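Chains as they are written, first to last, in the numbering used here: chain D, 1 to 322; chain H, 323 to 644; chain W, 645 to 974; chain G, 975 to 1304.
The structure appears right after this line, and notes come after that.
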Amino acid sequence: MTEKMFMQALGMGIAEEMRIDPKVFLMGEDVRASVYGAASGLHDEFGDERILNTPLSENGFFGAAVGAAAVGMRPIVETLTSFMWVGMDQLVSQAAKMRYMFGGQATLPVVYRAVMYYGGGSAAHHSDRSYPVFMNIGGLKIVTPGTPADAKGLMKTAIRDNDPVIMFEDGTLLGTRGEVPDDPDFTVPFGVANILREGTDVTVVAIAGSVPRALAAAEEMAKEGVSVEVIDPRTLVPLDKETILNSVGKTGRLVVADPAAKVCSAASEIMSIVGEEAFWDLQAPMQKVASKQVHIPFSPSLEKLVYPTSDGIIESIKKTLG
Amino acid sequence: MTEKMFMQALGMGIAEEMRIDPKVFLMGEDVRASVYGAASGLHDEFGDERILNTPLSENGFFGAAVGAAAVGMRPIVETLTSFMWVGMDQLVSQAAKMRYMFGGQATLPVVYRAVMYYGGGSAAHHSDRSYPVFMNIGGLKIVTPGTPADAKGLMKTAIRDNDPVIMFEDGTLLGTRGEVPDDPDFTVPFGVANILREGTDVTVVAIAGSVPRALAAAEEMAKEGVSVEVIDPRTLVPLDKETILNSVGKTGRLVVADPAAKVCSAASEIMSIVGEEAFWDLQAPMQKVASKQVHIPFSPSLEKLVYPTSDGIIESIKKTLG
Amino acid sequence: MTTNISKDLLMLMLERMWRIRHFELKLTEMYNAGEVGGVHLYIGQEAVAVGACAALKDSDYIAGNHRSHGHPIAKGANLKKAMAEIFGRIDGYCKGKGGSMHLADFSVGILGESGIVASSVPVATGAALASKLEGKDFVSAVFFGDGASNQGACHESMNLASVWDLPVLFICENNQYAVTTSYKDTVAVEHISDRAQAYNMPGILVDGQDAIAMYEATAQAVERARNGEGPTLIEALTYRFEDHSLGLEKIRKSEYREESEIDEWRLRDPLDLLTKSIVDSGTATPAECDAVSANAHAEVEEAAEFARNSPFPDESELYKDMFASDMPVV
Amino acid sequence: MTTNISKDLLMLMLERMWRIRHFELKLTEMYNAGEVGGVHLYIGQEAVAVGACAALKDSDYIAGNHRSHGHPIAKGANLKKAMAEIFGRIDGYCKGKGGSMHLADFSVGILGESGIVASSVPVATGAALASKLEGKDFVSAVFFGDGASNQGACHESMNLASVWDLPVLFICENNQYAVTTSYKDTVAVEHISDRAQAYNMPGILVDGQDAIAMYEATAQAVERARNGEGPTLIEALTYRFEDHSLGLEKIRKSEYREESEIDEWRLRDPLDLLTKSIVDSGTATPAECDAVSANAHAEVEEAAEFARNSPFPDESELYKDMFASDMPVV
Ligand SMILES: Cc1ncc(C[n+]2csc(CCOP(=O)(O)OP(=O)(O)O)c2C)c(N)n1
Ligand SMILES: Cc1ncc(C[n+]2csc(CCOP(=O)(O)OP(=O)(O)O)c2C)c(N)n1
Ligand SMILES: [Mg+2]
Ligand SMILES: [Mg+2]
């Protein structure tokens, strides 16, 4: 265990897997210089052959990654969430659908690293948090690490996984610190939620950047004698429904904190599941704490109103307590 | 009032508006020949100048429509839902975001007609039902007509509206028939749900192609003495929450029938709203009747398992009745 | 055209072209009988795929588009599995999940047909990238239409392939129309192959009705690719003899092309041309050539019978193949 | 370069170039003082936007990209509103909702800058389409980088504009790099302007440091466009003197370009070149030119003061402008 930044943990995960498996390579815009940070040092270690600077052609190189994966390589593609719209067709029509429509002939071990910058004045064109879109589309595994250890462990699992994966790397977490196992055998499985804090009164499901905010809210509520269980699903596809339903079975109350825009969000989905499958356990209205349904405004005075905050989560917890 | 097919009603709506407003024009692939049907006769009436065959360049011409709208034209763009992935960046980064990020300077009266073929063996690349994706993105009005009259009335409203609109034209409805007002002043407002059938025991919210299925289910249930209220939201953005919440206030039971893939669907969203805002009215678990979370298989033996059916709706209604 | 192609290869080309032709004719018959749904026929374009694939090995890859039976058959697909797939049956290439537009056989390098126009162009480029990264000697080839050439995916892939010297062949089948729209109304240059200049790669204009010419142009491009000299754009001038698709008959009525134009192109039927070459050069007798056709016809009949008798996939197949791992999808 | 451009126009160009330069220098100062966030500076490229916009009328449209202050100022944007926008204030062009990368002023034909690379290329093409459909005589011009030229959006737009003869100017600012990546590693041809051949439109290579050359090339293209002769691709060879953006200083350390290269380009500072032309031709005195700079500097200082004093948008603004109609968003 060493204390590491979330961003470093991502890089460690990539480097370890690249050392083990020569089929893994990284491609993206300016990845050699690691403009986005998490690829730092990789070019020095792995050289031009395995760290590829691409032209500004997202649809082209997203699709090239699919093709390379289809014939046996294990590409990692770096991009920002907001640039995925440009390469959307290859993500949906090829990466997501190819295996199914070819009856299982295609195995596509490709990881798309989608950095989500938001909260720092990046404005509408650079602040997307689009995992709910890909949840609806299907066929892609959707990973949203909430801690540095998970950043590393889920990255390693993503690279070893034989399906296309999108790693949504939350920009508000990149600088967070935490203990990260050094063991190169350490991985975090997909589909197993992380109960970050046990509690008995209210269940808070927190996604990506909401994780530290939910933990802070829980801490705060503890002072008032309210016991909050905080669950990070870690992967949204596959989703560990079980853990969430069990928790609601225990607490009877659900708050979902999700930095995505609220309409058709991951929060919506989780609430729809609980409202159908754990309805009789619920003792109070479920609460959605998601981003306001607006494009991201540049001005800090407006932007700060958009995302879920600890205060917002606290308010919602209190609402569920009536 | 005349009996018309849904597809004809769409075309009537377009033609009437083109007659009124010379700024309206239609562009898309092979629209002059009206390959998809609803543009039939328009080329004869309006000629090359107003009916434009485009190259196969969705990103290019989706964006060109934005630019033309930004300087005062009122383009209608015809495409299939499944081809929108190719032009996704222009839909999201420009059509959806431009007005907000420019502080209201851009007015974009553009209508994207997204035909949703599904259910007839079109397979994974031609069967998308992606309105939940655009609901999450925001900034676009989302219209899902469920009857021929609405097809005409909503199309006319869409063309007159000053915001970018996506008309999702359900392929399973294109051949349905119904009374359609001939009055060129007839329009159907956005954001006002259609209570297609009043009832007191269960609320069924039915979207697009689910509308006739929900009505059939209601008819069937009536025979068993169950009174089902069927609501077609008509537009998903804006969504008429009020009507849905009021109905659940009356019935205490909710079933949502949605041909979209179930995860992060419109059904998920509606259930999340009801589970938060009308929780105390609910007397039973909410039921989602949406498409299975798979890409659309070609084989009829598999495809028929995917979508919501009357039987599926009936089953869910029964579940809510305990 | 005189040629020094071996008899075996010529006869193989003839065989595959007849397989395609009979396959498509059989589908037409079965479509009219209500046995299968709408498909995009390759009739008239057989020389393109067959000539090109004759220059490829099994270990090379191809990817295709919505006009989707010619490419896989040209690359050696099994007719039974192809037909069963079009019938939506469990013994089809994709267990019935793909259908006509998504035939694929990874075991002989068929990376799959694709319904979204131009969407397999980046994929084929990626297969070539793998070849280069691993120092393998396989190449990949992608077939796309004149209409498809206007997609951004083509620009991005051709540029990428050129700057990275990838062993990929971009084979544009210019059959003159995208549904009802002439390429003259949508392509700004005279020849699509002229666009190769914009990517600093050779652009070759080939008579797409002539299988031997296609073979030779492709063989040249393959050689360049295997030598690490990068991609080539080949434009094959060809024509679809039938409607855009079975199922879009009404479009014929829009008269986007003259009967006389169709008739003229039919005079250059690729099967006639290849047969004539073979016979004129003394490579084989007319009787031998007829036997090839008859044999292909029999294979197609067998394939249809096989497809008819194959069961539909059952419910247990629905969620399978969404993911490689067995995980609950929802 | 000798020229017969009027003194007024030359002085206007000098003024706008100085406005941009001082604007960017001021931002650098304020960024270092922590007053504003990261932005992409246009320093070194001023002649491109200013030379081009000098050939346009107010009724013509432009669209731009992430390197986003030069284009609007060149087209006549109000410095106060621009600066206030970068400060995120209510008096900014977009009420603070857009920020540095989304300056726009529809009233003088600035259709907006764009953070998604190449995404305003189709939009500008659409404005030109409107001009043609309505028989108007306005043209549109879009600025994009060497990196952007590799996007499919460029291919699709240029092809569309050419087949429809749209009055649009594609102005590629080749400043040699996309962030850290040389265009030589991502563009397959020698000159991006060579790609014009693939769209059957003129491709013009211009010295982007020379405002007069830019003006003249653009004026020619505008004339063609207004005459219904269609689009032009102009490649302006230029250089960004500073880092990719304020805020990405660490990237400088990656040494993707040699100090000597930067120094060499700095010798061809577009402001020096234009000033020299003006003075050498006797159009104005050095003192007059200095006054233009001083005046621009004062305007920029005023703009900064204005921006600082403008309030932040308040909560009531959050949902406004999502839609033209006043409807509840959720
Ligand atoms: C992205 C996309 N846009 C539109 C379509 C609908 N479509 C299917 S085939 C076709 C024409 C394709 O023309 P071309 O590429 O020349 O191929 P051809 O049919 O002539 O073989 C069109 C428009 C599609 N499948 N995908
Ligand atoms: C679609 C997209 N991909 C990537 C980026 C990130 N990005 C911003 S600017 C830039 C480089 C652009 O290079 P160029 O077009 O040459 O413009 P320049 O910065 O040199 O002015 C990149 C990669 C982006 N904004 N949009
Ligand atoms: Mg064609
Ligand atoms: Mg550049």
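Glycine included, every Cβ here is placed at the ideal spot set by N, Cα and C.
Just so you know, these numbers come straight off a predicted model, no measurement behind them.
Residue range of the alpha helix (DSSP H) that includes residue i
{"i": "E564 of chain H", "result": "563-573"}
{"i": "Q927 of chain G", "result": "There is simply no residue 927 of chain G to check, as chain G begins at 975 and stops at 1304 in what is shown."}
{"i": "L669 of chain W", "result": "651-676"}
{"i": "D311 of chain D", "result": "310-320"}
{"i": "R372 of chain H", "result": "364-372"}
{"i": "F384 of chain H", "result": "380-392"}
{"i": "K223 of chain D", "result": "210-223"}
Extent of the continuous beta strand (DSSP E) to which residue i belongs
{"i": "G789 of chain W", "result": "784-789"}
{"i": "M116 of chain D", "result": "111-116"}
{"i": "A528 of chain H", "result": "524-528"}
{"i": "K288 of chain D", "result": "287-291"}
{"i": "K4 of chain D", "result": "2-5"}
{"i": "C816 of chain W", "result": "812-818"}
{"i": "N516 of chain H", "result": "516-519"}
{"i": "A1210 of chain G", "result": "1206-1211"}
Proximity below 8 Å, CB of residue i to CB of residue j
{"i": "A361 of chain H", "j": "K474 of chain H", "result": "no"}
{"i": "F6 of chain D", "j": "M27 of chain D", "result": "no"}
{"i": "L986 of chain G", "j": "A1028 of chain G", "result": "yes"}
{"i": "N484 of chain H", "j": "P397 of chain H", "result": "no"}
{"i": "V1113 of chain G", "j": "L1143 of chain G", "result": "yes"}
{"i": "L364 of chain H", "j": "A792 of chain W", "result": "no"}
{"i": "G1204 of chain G", "j": "L1140 of chain G", "result": "yes"}
{"i": "V527 of chain H", "j": "V455 of chain H", "result": "no"}
{"i": "G743 of chain W", "j": "A445 of chain H", "result": "yes"}
{"i": "T81 of chain D", "j": "E58 of chain D", "result": "no"}
Closer than 7 Å: residue i CB and nearest ligand 3 heavy atom
{"i": "G468 of chain H", "result": "no"}
{"i": "Y622 of chain W", "result": "Residue 622 of chain W lies beyond the residue range present for chain W, which begins at 645 and ends at 974; the question has no answer from this structure."}
Of the residues the options, the one placed nearest residue i, counting alpha carbons only
{"i": "R519 of chain H", "options": "H:Q416, H:A538, H:L402", "result": "H:A538"}
{"i": "G789 of chain W", "options": "W:R711, W:I848, W:T672", "result": "W:R711"}
{"i": "S1267 of chain G", "options": "G:I1064, G:L999, G:L1077, G:G1012", "result": "G:L999"}
{"i": "S691 of chain W", "options": "W:M971, W:Y859, W:P930, W:A931", "result": "The question names Ser, but residue 691 of chain W is Ala in the sequence shown. The residue with the shortest Cα to Cα distance from A691 of chain W is W:Y859."}
{"i": "G1062 of chain G", "options": "G:S1284, G:Y1213, G:A1007", "result": "G:S1284"}
{"i": "E1147 of chain G", "options": "G:A1115, G:S1136, G:I1236", "result": "G:A1115"}
heavy atom of ligand 1 below 7 Å from residue i C-beta
{"i": "H710 of chain W", "result": "yes"}
{"i": "H1129 of chain G", "result": "no"}
{"i": "L378 of chain H", "result": "yes"}
Buried versus exposed, by CB contacts within 10 Å (16 or more), residue i
{"i": "R1282 of chain G", "result": "exposed"}
{"i": "V944 of chain W", "result": "buried"}
{"i": "A1272 of chain G", "result": "exposed"}
{"i": "L984 of chain G", "result": "buried"}
{"i": "P930 of chain W", "result": "exposed"}
{"i": "K610 of chain H", "result": "buried"}
{"i": "G249 of chain D", "result": "exposed"}
{"i": "P511 of chain H", "result": "exposed"}
{"i": "R99 of chain D", "result": "buried"}
{"i": "I20 of chain D", "result": "exposed"}
Near ligand 4: residue i beta-carbon under 7 Å from a heavy atom
{"i": "N1149 of chain G", "result": "yes"}
Residue i beta carbon near ligand 2 (any heavy atom closer than 7 Å)
{"i": "G1121 of chain G", "result": "yes"}
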